[in-house]
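*Asks:* 6 is the number of the first residue of the sequence shown in the working numbering; add one for each residue after it.
Got a structure for you, questions after.
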Amino acid sequence: MKTFSVRRFATVCLPLLALVVSCLRSSAQEKGEPGKFDFYLMNLAWGPEFCSVPGAGSECKAPRGFVLHGLWPQNYDGSYPVNCGERSGPVRPELNLDITPDLPLLDHEWKKHGTCTTMSPEEFFGLEHQAFHSVRIPRKLRDLKHEEPLRPKDILDLFAKANPPFPQGSVVVSCEKERLTAVEVCLAKDGLMPISCQGLRGCQAEALKIMPVATTR
């Protein structure tokens, strides 16, 4: 069963990323059949943290707020399919750097998660763009210029105000060592409508330090 919403990200090397994610959520992973899942979990990684990892790619030089870590097929019981087949990735992955600033990560996301859909690579990454742009980022976080402590509840309230149609419980805050790492959004398998999350537990910290966008490499 999945008990944590955090899927650690790193751009140093994908083997390390895969190992970390596997260690956190190995009990929930299972090799699946394409198309057999209940909903999508979209992980919006906080760009300044995402790009602060030593060795981050040159794509991280431009200041960024939230970036797309991935759009992950998920099941209501907390399990999720991975590595559902050997299929070639997109012909031009660089077209997706506008929302996911790391080419190795794009390759990893397709192999581990995209193959668990029935879509072509172009359709899958097109869906990622659609999902990413369906969420309004709160102005306070878009314009953050100085490190500022916020409670997870404050972040959830900001997203609720920026996205009035989203049902309660459709957004989850993820953290590590009292730092914001990501915001996750649960989306319906058909139509990408936001839905209440099931099987996820958000950040339990009292307050989070949020690295400002201005410090991004």
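The C-beta atom is built at its ideal place from N, Cα and C for all residues, glycine as well.
(1) Under 7 Å, do P199 and V178 count as touching if we go by C-beta distance?
(2) Buried or exposed: which applies to T105, given that a residue is buried once 16 or more other Cβ atoms fall within 10 Å of its Cβ?
(3) Taking Q209 as the reference, give the member of R144, D159, G196 and A165 with the closest Cα.
(4) According to DSSP, is G196 part of a helix, a strand, or is it coil?
(5) Counting C-beta neighbours from all protein chains within 10 Å, is the total for D107 16 or more, i.e. buried, or is it exposed?
(6) Give the DSSP-derived three-state secondary structure of R97 in the structure shown.
(7) In the DSSP output, what is Y85 paired with across the bridge?
(8) Based on DSSP bridge pairs, tell me the residues matched to N48.
(9) Report buried or exposed for T122, applying the criterion of at least 16 other Cβ atoms within 10 angstroms of its Cβ.
(10) Within its chain, find whatever has a CB closer than 8 Å to the CB of K166; leave out the 5 residues flanking it on each side and keep chain order.
*Replies:* On the basis of the data shown:
(1) Here residue 199 refers to the residue found at position 194 of the sequence shown. Here residue 178 refers to the residue found at position 173 of the sequence shown. No.
(2) Against the sequence shown, residue 105 aligns to sequence position 100. T105 is buried by the Cβ-count criterion.
(3) What you label residue 209 is simply residue 204 of the sequence shown in a count that begins at 1. The shortest Cα separation from Q209 among R144, D159, G196 and A165 belongs to D159.
(4) Start at 1 with the first residue of the sequence shown, and residue 196 comes out as number 191. It is coil, neither helix nor strand.
(5) Taking the first residue of the sequence shown as 1, we reach residue 107 at position 102. Answer is buried; the Cβ neighbour count reaches 16.
(6) The residue you call residue 97 lines up with position 92 of the sequence shown. Correct three-state label for R97: coil.
(7) Walking along the sequence shown from the start, residue 85 turns up at place 80. DSSP, once it has assigned bridges, lists Q34 as partnering Y85.
(8) The residue you call residue 48 lines up with position 43 of the sequence shown. Answer by DSSP bridge pairing, in chain order: G75 and E189.
(9) If you number the sequence shown from 1, residue 122 lands on position 117. Answer is buried; the Cβ neighbour count reaches 16.
(10) Against the sequence shown, residue 166 aligns to sequence position 161. So the qualifying residues of the chain are P143.
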